[in-house]
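J.:
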Amino acid sequence: MWRFGYRPRAAKEPEELPTRQLLSGALIAFLVGWLLWSLLTHGYLGAWWGLPLQLLLPDSWQGANGSIAPTATRFIYEGYTYLVALSIMLVVGKLGRWGEVWRRFVVPLFRASAPRQEPPAPEEDPAQWPHLRAAGASEAADRLAGEARSGLMRDVDQARIARAWQGVQSGRHSMATFTAAVVRDGAAACLHPSGERDLPARHARHDLVTGQVRLGTTADDPRNPYQYRAAGLALGPELLGTSLLAVGPAGSGKTGSLVRPLAESLCLHALAGRASVVVVGAAGAGLGPADAYDVVVSIARPESVYDLDLYGGTTDPDEAAAILAEALAGDLADPHPGSDSRRSTTVLAQLLGPFRAVHGRFPSVPELRQLLDGAPGPLAALRKALTSTGHESLLRELDARERQMGHPGDVGAVLADRIALLDRPAFAGFFDTSGQTRPFSLRALDHPVRVRIDLPERGHADASRILARLVLAQFTASVTVRDDRSLFSCLLLDDATGVVTPEAVRALQRLRSANAGVVLTLRTLDDVPRPLRGPLLGAAGCRMAFAGLTPWDGQDFAEVWGKEWTEARDVTDRQIIAETPAGKALHVVRRVITGKAPTARAVTVRQVERERWSASELAHGVPPGHAVLSLTTVKGEHAPPLLVDLRDGGRL
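When we follow our numbering, the leftmost residue of the sequence shown carries the number 16, and every step to the right adds one.
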């Protein structure tokens with residue numbers, strides 16, 4: 016829930032009468048009470064209404080010659096009168112539901128005109144930085160409080176300095192260094208390495224106190240649980256840490272309503288020192304301006320300042336082979352045990368290890384293609400170099416590779432065909448391993464860095480899928496071995512077509528404990544191999560189905576969301592047959608007035624188990640601009656699938 020201004024609702028929907036019926040009932044009850052009071056006060060009921068008082072009072076107190084003073088007698092009778100009036104008011108108020116009228120129509124008026132709350136005490140005001148004062152950093156707290164009063168402190172500044180203070184408490188930074196920086200620079204202390212304190216522009220609503228970005232509003236729909244209806248819906252790192260899978264056709268709003276706000280939010284978290292983010296999508300997909308990122312890798316564009324490290328920044332040939340094998344042939348692997356992924360890793364390791372031992376680097380794309388093709392010249396040159404440099408022990412790797420090349424089932428030919436997709440003139444200036452470019456490695460995610468990778472989907476769709484798998488493999492390999500996991504890392508894949516592999520699904524399950532997550536968007540689940548659809552939906556803690564889903568995709572979501580017990584009501588109307596002449600006449604009058612025959616209604620209530628969202632509802636019952644979303648936090652808390660209106664979104 017979007018926490019800013021949120022007011023919790025009851026867990027169950029109260030039974031609420033229609034407004035017209037409620038007000039008419041309250042008015043009728045008031046008139047009945049007024050009539051009864053008039054009858055009492057004007058003596059139309061005689062002495063009957065005073066009979067209880069006569070029975071309770073002693074005889075010596077009654078009459079004109081009673082033993083008590085007339086003033087006391089008058090007080091007793093007037094008190095009895097007020098008691099009777101109060102009793103009448105309570106009875107007719109209960110019957111007329113005056114309390115509900117008060118809560119529904121009068122209380123909101125008082126809330127709207129209620130005065131603003133008094134500001135909190137200085138020791139409780141977050142703007143006074145009480146936790147710094149309690150730790151003895153009063154001078155730094157005074158400087159920050161002054162910056163807040165003067166309007167020089169932004170939400171990113173507050174989050175960034177709070178993050179730096181957490182580093183002091185954990186022992187990563189010294190108290191003296193933190194205090195000196197804050198006293199010197201104020202709200203500009205502890206800056207992000209880029210020197211930026213905010214993004215060039217914001218298109219969504221963010222709350223950096225809770226770390227949330229608002230996506231939309233839960234629909235006031237009977238299919239949503241009552242406590243979640245008409246509330247703002249937002250996402251934060253505690254949800255993205257379980258990974259998110261979004262499925263919807265082109266034009267349903269996956270990029271604009273989901274990926275773009277999340278990318279903007281994570282970039283703000285990075286400026287605050289809380290997160291690192293990698294956003295992958297097609298060039299021109301609208302994932303934010305280049306100024307909002309520290310590193311922009313535009314593959315196949317000569318003006319790109321940064322290159323992409325094909326081997327993920329590792330120096331271990333076996334690790335590099337595993338990452339590259341996942342990128343080149345991960346989608347071809349059988350999702351069952353005994354797949355070709357390990358054989359692909361073995362083939363690459365047989366070449367990468369000897370090449371690095373000789374040259375001190377990994378092969379470039381053209382060099383690797385020649386080695387995989389089994390060209391005699393490069394293999395002979397590599398063999399000669401191994402002998403001359405004293406690495407004869409690695410010759411057996413080449414011997415094994417040459418023996419396997421003659422077998423019909425050798426995966427080296429498949430790898431050579433896949434790497435050939437990257438050996439194109441458009442990629443000639445990329446994936447360089449000689450040190451002539453500025454390659455970006457995902458091992459930099461140990462720092463709060465903002466990265467955008469633009470894929471050349473136009474004319475290079477197959478190559479883009481290979482690169483997307485490469486980035487995902489490098490991301491999962493890097494974030495799971497970090498020493499400092501207090502920094503949240505997230506990868507946003509705007510189009511995950513062809514990216515979901517058996518190894519990718521297994522890697523998603525490991526990210527939750529590494530304080531990392533992945534956001535995947537798909538046009539349809541048909542882009543995922545059938546054996547992997549169930550495991551993928553199970554590995555993603557957050558699942559999102561956009562409007563326009565096919566019934567086949569809806570069936571997969573319906574199965575993973577399961578069923579729930581609900582109350583079903585069967586209503587039957589039975590015509591009433593009158594047996595007496597008076598009854599028949601009354602039925603004729605009712606039929607003339609209402610136009611219907613008199614009936615008796617019977618209601619049967621029973622508990623039944625039904626799907627939370629059926630495949631038909633997901634395919635045909637989700638309005639345009641809406642989505643059905645279920646969420647799970649890293650602590651295991653979860654929300655049922657909710658219908659969300661994304662049209663208002665979090666836009667400013």
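Cβ atoms here follow ideal geometry from the backbone N, Cα and C, with glycine treated the same way.
Please confirm whether residue 536 and residue 254 have their CB atoms less than 9 Å apart.
T.: Result no, Cβ atoms of residue 536 and residue 254 do not sit closer than 9 Å.
J.: Per DSSP, what kind of secondary structure is residue 455 in: helix, strand or coil?
T.: The answer is strand: DSSP assigns residue 455 an E or B state.
J.: So, is residue 451 buried or exposed, given that buried needs 16 or more other C-beta atoms within 10 angstroms?
T.: Residue 451 comes out exposed.
J.: Is residue 44 closer than 9 Å to residue 114 when the C-beta atoms are compared?
T.: Result no, Cβ atoms of residue 114 and residue 44 do not sit closer than 9 Å.
J.: For residue 504, which residues does DSSP report across the bridge?
T.: Beta-bridge pairing links residue 504 to 291, 531.
J.: Please go through the same chain and pick out, in chain order, the residues whose beta-carbon is closer than 6 Å to the beta-carbon of residue 332, but skip the five residues on each side of it.
T.: Only 364, 367, 368, 371 meet the Cβ criterion.
J.: Give every residue of the same chain whose Cβ lies closer than 7 Å to the Cβ of residue 350, excluding the five residues on either side of it in the sequence, and list them in chain order.
T.: In this prediction, residue 350 has a pLDDT of 47, which is less than 50 and means its spatial position is unreliable; what the coordinates show is noted afterwards. 517, 544, 546, 547, listed in sequence order.
J.: Would you give the residue range spanned by the alpha helix (DSSP H) that residue 157 belongs to?
T.: Element bounds for residue 157: 153–164.
J.: List the DSSP bridge partners of residue 691.
T.: With the chain covering 16 to 667 only, the question about residue 691 has no answer from this structure.
J.: How long is the line joining the alpha carbons of residue 26 and residue 660, rounded to whole angstroms?
T.: Approximately 21 Å, taken between the alpha carbons.
J.: Less than 9 Å between the beta carbons of residue 573 and residue 629, yes or no?
T.: A contact, by the Cβ cut-off of 9 Å.
J.: What span of residues does the beta strand (DSSP E) with residue 468 cover, start to end?
T.: Its beta strand (DSSP E) spans residues 465–470.
J.: Bridge partners for residue 578 per DSSP, in chain order?
T.: Residue 578 pairs with 626.
J.: When the distance is taken between beta carbons, is residue 469 closer than 9 Å to residue 314?
T.: For residue 314 and residue 469, yes; Cβs fall inside 9 Å.
J.: Using the Cα positions of residue 199 and residue 448, report the straight-line distance between them to the nearest angstrom.
T.: For residue 199 and residue 448, the distance between alpha carbons rounds to 43 Å.
J.: Could you round the C-beta distance between residue 566 and residue 631 to whole angstroms and report it? I think they count as a contact, below 8 Å.
T.: Contact holds; Cβ gap of about 7 Å.
J.: Are residue 677 and residue 171 touching if we call contact CB-CB under 9 Å?
T.: The chain is shown only over 16 to 667; residue 677 falls outside these bounds and no answer can be derived.
J.: May I ask you to report which of helix, strand or coil DSSP gives residue 650?
T.: If DSSP states are grouped into helix, strand and coil, residue 650 belongs with coil.
J.: Shortest alpha-carbon distance to residue 526 belongs to which of 312, 336, 493, 656?
T.: Among 312, 336, 493, 656, the Cα nearest to that of residue 526 belongs to 493.
J.: Could you check if residue 356 is buried or exposed, using at least 16 other CB atoms within 10 Å of its CB as the buried criterion?
T.: Result: buried.
J.: Can you find the residues in the same chain that come closer than 7 Å, C-beta to C-beta, to residue 651, ignoring five residues on each side of it along the sequence?
T.: Excluding sequence neighbours, residue 651 sits near nothing in its chain.
J.: Looking only at C-alpha atoms, which of 389, 397, 358, 388 sits nearest to residue 377?
T.: The shortest Cα separation from residue 377 among 389, 397, 358, 388 belongs to 397.
J.: What ranges does the beta strand (DSSP E) occupy inside the segment 296–339, keeping only unbroken runs of at least 3 residues that lie completely in it?
T.: Correct list: 310–313.
J.: If contact is defined by three or more beta carbon pairs under 8 Å, each pair taking one atom from either stretch, is the segment 266–280 in contact with the segment 547–556?
T.: No contact exists between the segment 547–556 and the segment 266–280.
J.: Nearest to residue 404 by CA position, among 234, 520, 373, 428, is which residue?
T.: Cα-wise, what sits closest to residue 404 is 373.
J.: Going by C-alpha to C-alpha distance, which of 413, 462, 471, 192 sits closest to residue 289?
T.: Comparing Cα-Cα distances from residue 289 to each of 413, 462, 471, 192, the minimum goes to 462.
J.: Pick out whichever of 606, 467, 576 has its Cα sitting closest to the Cα of residue 297.
T.: Closest by alpha carbon: 467.
J.: Does residue 155 pass the burial test, meaning 16 or more other C-beta atoms within 10 Å, or should it be called exposed?
T.: So residue 155 counts as buried.
J.: Compare the Cα-Cα distances from residue 307 to each of 294, 316, 319 and report the closest residue.
T.: That would be 294, whose Cα lies nearest to the Cα of residue 307.
J.: In three-state DSSP terms, what is residue 615?
T.: Strand, per DSSP.
J.: Between the Cα of residue 341 and the Cα atoms of 487, 473, 411, which residue gives the shortest distance?
T.: If we check each option's Cα against that of residue 341, 487 comes out closest.
J.: Just to check my reading of the structure: residue 17 and residue 229 have Cβ atoms closer than 8 Å, yes? What is that Cβ distance to the nearest angstrom?
T.: So it is a contact: roughly 5 Å between Cβ atoms.
J.: Can you grab the Cα-Cα spacing for the pair residue 575 / residue 558, in whole Å?
T.: Near 10 Å, if we compare the C-alpha coordinates of residue 558 and residue 575.
J.: Using only the alpha-carbon positions, how far apart do residue 570 and residue 140 sit?
T.: Going from the Cα of residue 570 to the Cα of residue 140 covers about 51 Å.
J.: Mapping DSSP to helix, strand and coil, what is residue 515?
T.: Coil.
J.: Where do the ends of the beta strand (DSSP E) carrying residue 19 lie?
T.: Element bounds for residue 19: n/a, residue is neither H nor E.
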